[in-house]
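*Asks:*
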Amino acid sequence: MAKLTTLEEFIVDRQQEFPYASGELSGLLSSIVLASKVVNREINKAGLVDITGSAGEENVQGEEQQKLDVYANEKFQAALESLGEVCGVASEEDDDFVAFKSKEALNGKYVVLTDPLDGSSNIDVNVSIGTIFSIYRRQSEPGKPAELRDFLQKGTEQIAAGYVIYGSSTMLVYSTGHGVNGFTLDPSLGTYYLSHPDLKTPSNGKIYSINEGNIQLCEKGVQDYVEKCQDEKKPHKARYIGSLVADFHRNLLKGGIYLYPATTKAKNGKLRLLYECNPLAFIAEQAGGRATDGHQRIMEIEPKELHQRTPYFIGSEQMVKDLEACL
Ligand code: AHG
Ligand code: MN
Ligand code: MN
Ligand code: MN
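For the sequence shown, the working numbering assigns the number 373 to the last residue and increments by one with no breaks.
1) With respect to the beta strand (DSSP E) encompassing GLN111, which residues constitute its N-terminal and C-terminal limits?
2) Do three or more CB pairs link the stretch 96 to 106 to the stretch 223 to 240 at distances below 8 Å?
3) What does a CB cutoff of less than 6 Å around ALA145 pick up in its chain, not counting 5 residues either side in sequence?
4) Please tell me whether, using a cut-off of 7 Å, the distance from the CB of GLU346 to the nearest non-hydrogen atom of ligand 1 is below it.
5) Considering only C-alpha positions, which residue in the set VAL291, HIS341, LEU299 is nearest to ASN314?
6) Give a yes or no on whether 8 Å exceeds the smallest Cβ distance from ASP164 to chain B.
7) Measuring only the C-alpha atoms, how far is ILE19 from LYS149?
8) If LYS83 and GLY236 are in contact, beta carbons under 8 Å, what's the gap, nearest whole angstrom?
9) When you measure from the CB of GLN204 to every non-hydrogen atom of ligand 2, does any distance come out below 7 Å?
10) Taking DSSP's pairing of strands, which residues face THR356 in a bridge?
11) Let me confirm a value: VAL58 is counted as buried when at least 16 other C-beta atoms fall within 10 Å, else exposed. Which label applies?
12) Are the CB atoms of ILE181 and VAL158 within a distance shorter than 8 Å?
13) In the structure shown, what three-state DSSP assignment does ASN168 receive?
14) In chain order, what residues of the same chain have a beta carbon less than 6 Å from the beta carbon of TYR271, not counting five sequence neighbours either side?
15) Quick test of the definition: if touching needs 3 or more C-beta pairs under 8 Å, does the stretch 293 to 301 touch the stretch 345 to 358?
16) Can you tell me the Cα-Cα spacing of ASP140 and VAL106, whole angstroms?
17) Considering only C-alpha positions, which residue in the set ASP244, PHE359, ASP277 is nearest to GLU219?
18) Identify the residues that DSSP records as bridge partners of VAL135: which are they?
19) With ILE304 as the anchor, note down where its beta strand (DSSP E) starts and where it stops.
20) Cα-Cα, which of LYS155, PRO65, ILE175 is closest to GLU380?
21) Does the pairing of the stretch 164 to 173 with the stretch 298 to 312 give three or more beta-carbon distances under 8 Å?
22) What are the complete beta strand (DSSP E) segments, minimum 3 residues, inside the stretch 241 to 286?
23) Please state the DSSP three-state secondary structure of THR98.
24) Can you tell which of ARG183, PHE197, SER167 has the C-alpha that lies nearest to the C-alpha of LEU352?
25) Measure how close the beta-carbons of LYS113 and VAL85 come, nearest whole angstrom, since I'm counting them as under 8 Å.
26) Output needed for SER68: all residues of its chain with C-beta closer than 8 Å, excluding positions within five of it in sequence on either side, in chain order.
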């Protein structure tokens, strides 16, 4: 059997692809990896310990926070703060960005944006959930606290992005802009191994993923596209988990399109540009796919606020183009 490559070996191998100091990227990724293992451990115990259910608070998105939302948020923030390369983080679960205060962190050159627990309504029913992260170079002067402008950067400025999926196995998928690679966690060893090298998504697919309960609230173009997916001569497969990471991951591997359009109730859709849409758009494009809000490439949208939402269509290039033609 060929020798398995660990994530750590892989990062060292590919250091030269990173345009900045090589140790910084491995530090950043290893903090994220460590936090993901801690979160993974707790998720696997959910049901046995008192970690499922609501935390009793609402987050800034107007959603009921789950205990694991809060837990995952704390773990990722703590791991990044202790690293010293990161000057601040912004998260779906916090009202505002957090600027770290320690001397090392004030000099940190990076900011991280994260959806610490994606699909949190699925925790209590044992369905796949995820974590999404996005890394940028800071814009403000090092030595001072991070500023809002460090976080409000276009997706094209991402230097790395990725996600962890806590599924039938736990996987970490990331890109630094040189293709996409996927790693699977061996839980007995606590080690991620390269399992999906140089991931490419099929240019066309047969899966469409949308919350069809909202279809009457969507614009006509979206309704027309979904109707085409249901053509009796060649029907597509409808697959919708309700965890963006899991729906995206399946479609990335098999070929498909994920749609979260604007509705009459939510005029910008539901998904968050900075924590969900940009990082997965970066992965999709690096794998040969496409991501749009229907009119504009997702990664070229100029963010105006941290928790900004956007309509979102992402997946196989041909399917996204066919959707765009309907709008
Ligand atoms: P989160 O759990 O991070 O708040 O994200 C929820 C998102 C996303 O994961 C999922 O695809 C979508 O909400 C599902 O929304 P609907 O229930 O409206 O379909
Ligand atoms: Mn949420
Ligand atoms: Mn989410
Ligand atoms: Mn979330």
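Where is the CB? At the ideal position from N, CA and C, for every residue including glycine.
*Replies:* Straight from the coordinates:
1) 110 to 112
2) Fewer than three Cβ pairs drawn from the stretch 96 to 106 and the stretch 223 to 240 lie within less than 8 Å of each other, which leaves the two stretches out of contact.
3) Result list for ALA145: GLY134, PRO191, ALA192, in chain order.
4) no
5) HIS341
6) Although the question refers to chain B, the structure presented lacks it and comprises just one protein chain.
7) Residue 19 is absent from the structure shown; the chain starts at 47 and stops at 373.
8) 6 Å
9) no
10) THR356 is not bridged to any residue.
11) exposed
12) Going by beta carbons, VAL158 and ILE181 fall inside the 8 Å limit.
13) helix
14) LEU369, CYS372
15) Verdict: no, contact absent.
16) 7 Å
17) In the sequence as displayed, the identity of residue 219 is Val instead of Glu. For the residues ASP244, PHE359, ASP277, the minimum Cα distance to VAL219 belongs to ASP244.
18) VAL135 pairs with VAL144, VAL158.
19) According to the sequence provided, residue 304 is Tyr. The question's Ile does not apply to it. Element bounds for TYR304: 302 to 306.
20) In the structure as shown, the chain starts at 47 and stops at 373, and residue 380 therefore has no counterpart that could be examined.
21) Touching, no.
22) DSSP runs (the beta strand (DSSP E)) wholly in the stretch 241 to 286: 253 to 255.
23) coil
24) With distances taken between Cα atoms, LEU352 lies closest to PHE197.
25) With a Cβ gap of about 12 Å, LYS113 and VAL85 do not count as contacting.
26) GLN61, GLN62
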